[in-house]
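1254 is the number of the first residue of the sequence shown in this note's numbering; add one for each residue after it.
Using N, Cα and C, we set each Cβ at its ideal position, and we do this for glycine too.
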Amino acid sequence: MNMRAAVLRDHSLSMPIECVAVDEPRADEVLVRVVATGICHTDIKVAQVEGLSPRPIVLGHEGAGVVEKVGSAVRKLAPGDHVVLTFDSCGRCPTCSVGKPSYCYEVAAVCFSGKRLDGSTTLVSDGAAVHGNFFGQSSFATHAIANERNAIKVRKDATLELLGPLGCGLQTGAGAVLNSLGVRAGQSIAIFGVGAVGLAAVMAARIAGASKIFAIDVVDERLALARALGATQTINGGKTDALAAILAETGRGVDYALDTAASDKAIEQAIDCVGPLGTCGLIANKSPAQTAPVKILGSMLRGRSIRGIVQGDSVPDLFIPRLVDFFMEGRFPFDRLVKFYPFDDIAHAMRDADSGATIKPILRM
Ligand SMILES: [Zn+2]
Ligand SMILES: [Zn+2]
1254 MNMRAAVLRD HSLSMPIECV AVDEPRADEV LVRVVATGIC HTDIKVAQVE
1304 GLSPRPIVLG HEGAGVVEKV GSAVRKLAPG DHVVLTFDSC GRCPTCSVGK
1354 PSYCYEVAAV CFSGKRLDGS TTLVSDGAAV HGNFFGQSSF ATHAIANERN
1404 AIKVRKDATL ELLGPLGCGL QTGAGAVLNS LGVRAGQSIA IFGVGAVGLA
1454 AVMAARIAGA SKIFAIDVVD ERLALARALG ATQTINGGKT DALAAILAET
1504 GRGVDYALDT AASDKAIEQA IDCVGPLGTC GLIANKSPAQ TAPVKILGSM
1554 LRGRSIRGIV QGDSVPDLFI PRLVDFFMEG RFPFDRLVKF YPFDDIAHAM
1604 RDADSGATIK PILRM
């Protein structure tokens, strides 16, 4: 079947839209008509940095759409179902087996190799193979092949074209707070960086009932939005010493900190602002080689934990429908972060995501 897809052939953010043939779904796969797809910073990073994924490739990993065809072994889904596409995982390794698929041993192969696990590709343009299967979906296209595992059924009364970002960025921020850190009512949290991931964390902290929610960023408009979405204290880290401000307000430091900004300063402050028996979660990085200073004695004396987090420890079949419910109840109003672009304006949308002009761009197919 032929479809339109944005094919990345170099290391720029421009991806010409081409006519591409897409494979039939195999036994454990589904064919999804993509309605809309979010743009996430990983799309930008993979487009710009050499060696993360092969070329040519169709990126996109926050797709939302309607199931058109299902493979013979698919039990979870049927044609007509509304789905959010999320990260893929193998389903068999030790971490998948204990319900932590975002730490799948095969993540490089299933999300970044551009191929199925057996090495086959799903897309062809002008007679030549194009890499697909990015995060098990490659949703910068009018259609996507996904595995049954990473296509998540969602309720039909929710506006489908909004929901794609739940599959990565929003799940990452909200899951870090609700699943990974397990923030509870009355506790405190400092969230460094309030882009899409950080704002999802702010909304989740409010859902959890946190009593003090610090939002730290260098852009005043984003801090104002963070306050509207539930932050109780906002700090412009470019003008104020965030660590001093948090310690002045809490005395012993916060129960939890979460860094989504990846600047050296933000990461150091996120670790240092955590009080006794608290945990600092690290979600973002500038480069694979980035390191951070840890004050050993201060961390020992406080029994402080520091942990890495991917995809908010989500079990997507359970967590994404829960986030949709929160949205429908008005408790997770992520539509306030979103700006829609036509698919043909993908280069513009990618640039706006990269510059920060738009918090969460969504391409409408
Ligand atoms: Zn992502
Ligand atoms: Zn696995």
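When you compare only the Cα positions, how much space is there between residue i and residue j?
i: residue 1427; j: residue 1380; result: 42 Å
i: residue 1402; j: residue 1344; result: 8 Å
i: residue 1528; j: residue 1495; result: 15 Å
i: residue 1504; j: residue 1375; result: 56 Å
i: residue 1405; j: residue 1502; result: 41 Å
i: residue 1627; j: residue 1268; result: Residue coverage of the chain in this structure runs from 1254 to 1618, which leaves residue 1627 outside it and unanswerable.
i: residue 1351; j: residue 1568; result: 10 Å
i: residue 1586; j: residue 1518; result: 30 Å
i: residue 1574; j: residue 1507; result: 30 Å
i: residue 1571; j: residue 1578; result: 11 Å
i: residue 1322; j: residue 1474; result: 43 Å
i: residue 1453; j: residue 1498; result: 23 Å
i: residue 1609; j: residue 1480; result: 18 Å
If you drop the 5 nearest sequence neighbours on each side, which residues of the same chain put their C-beta closer than 8 Å to that of residue i?
i: residue 1333; result: 1319 and 1320
i: residue 1483; result: 1455, 1456, 1458, 1459 and 1466
i: residue 1433; result: 1534, 1560, 1562, 1565 and 1566
i: residue 1597; result: 1270
i: residue 1359; result: 1342, 1343, 1346 and 1370
i: residue 1552; result: 1524 and 1559
i: residue 1273; result: 1255, 1256, 1257, 1258, 1260, 1311, 1376, 1377, 1378, 1383 and 1394
Just tell me which of the options has its CA closest to the CA of residue i.
i: residue 1589; options: 1397, 1548, 1538 and 1423; result: 1423
i: residue 1260; options: 1303, 1382 and 1327; result: 1382
i: residue 1492; options: 1469, 1500, 1517 and 1370; result: 1469
i: residue 1615; options: 1489, 1325, 1602 and 1410; result: 1602
i: residue 1288; options: 1453, 1600, 1257 and 1425; result: 1257
i: residue 1299; options: 1391, 1351 and 1557; result: 1391
i: residue 1263; options: 1302, 1447 and 1438; result: 1302
i: residue 1599; options: 1617, 1462, 1498 and 1329; result: 1617
i: residue 1593; options: 1586, 1442 and 1605; result: 1605
i: residue 1265; options: 1310, 1254 and 1414; result: 1310
i: residue 1620; options: 1581, 1255 and 1541; result: Absent from the model: residue 1620. The displayed extent of the chain is 1254 to 1618, so no value can be given.
i: residue 1387; options: 1378, 1365, 1372 and 1408; result: 1365
i: residue 1441; options: 1329, 1362, 1349 and 1530; result: 1530
If I measure Cβ to Cβ from residue i and keep anything under 6 Å in the same chain, skipping five residues before and after, which residues do I get?
i: residue 1296; result: 1312
i: residue 1523; result: 1445, 1510, 1512 and 1533
i: residue 1418; result: 1291, 1315 and 1613
i: residue 1293; result: 1315, 1421 and 1422
i: residue 1282; result: 1324, 1398 and 1400
i: residue 1539; result: 1515
i: residue 1591; result: 1613 and 1615
i: residue 1317; result: 1288, 1289, 1337, 1413, 1416 and 1417
i: residue 1393; result: 1259, 1311, 1312 and 1313
For the alpha helix (DSSP H) that residue i lies in, which residues bound it at each end?
i: residue 1381; result: Premise fails: residue 1381 lies in the beta strand (DSSP E), 1381-1383, not in any alpha helix (DSSP H).
i: residue 1604; result: 1599-1608
Using a Cβ-Cβ cutoff of less than 7 Å, which residues in the same chain neighbour residue i once the five nearest sequence positions on both sides are dropped?
i: residue 1307; result: 1367 and 1384
i: residue 1476; result: 1447, 1468, 1470, 1487 and 1489
i: residue 1521; result: 1545 and 1546
Start and end of the beta strand (DSSP E) containing residue i?
i: residue 1489; result: 1486-1489
i: residue 1354; result: Where residue 1354 is concerned, there is no enclosing beta strand (DSSP E), given that its DSSP letter is neither H nor E.
i: residue 1255; result: 1255-1259
i: residue 1614; result: 1613-1617
i: residue 1363; result: Run containing residue 1363: none; DSSP gives neither H nor E here.
i: residue 1587; result: Neither: residue 1587 is in no beta strand (DSSP E) and is coded neither H nor E.
i: residue 1593; result: 1591-1595
i: residue 1376; result: 1376-1378
| field | Start-end ranges of the alpha helix (DSSP H) lying completely within the segment 1398-1480, minimum 4 residues | value | 1422-1428 and 1449-1461
| field | Minimum length 3: unbroken beta strand (DSSP E) runs contained in the segment 1502-1574 | value | 1507-1512, 1527-1535 and 1558-1561
| query | Can you give, in chain order, each stretch of the beta strand (DSSP E) that sits fully within the segment 1271-1347 and has at least 3 residues? | reply | 1282-1291, 1316-1323 and 1335-1338
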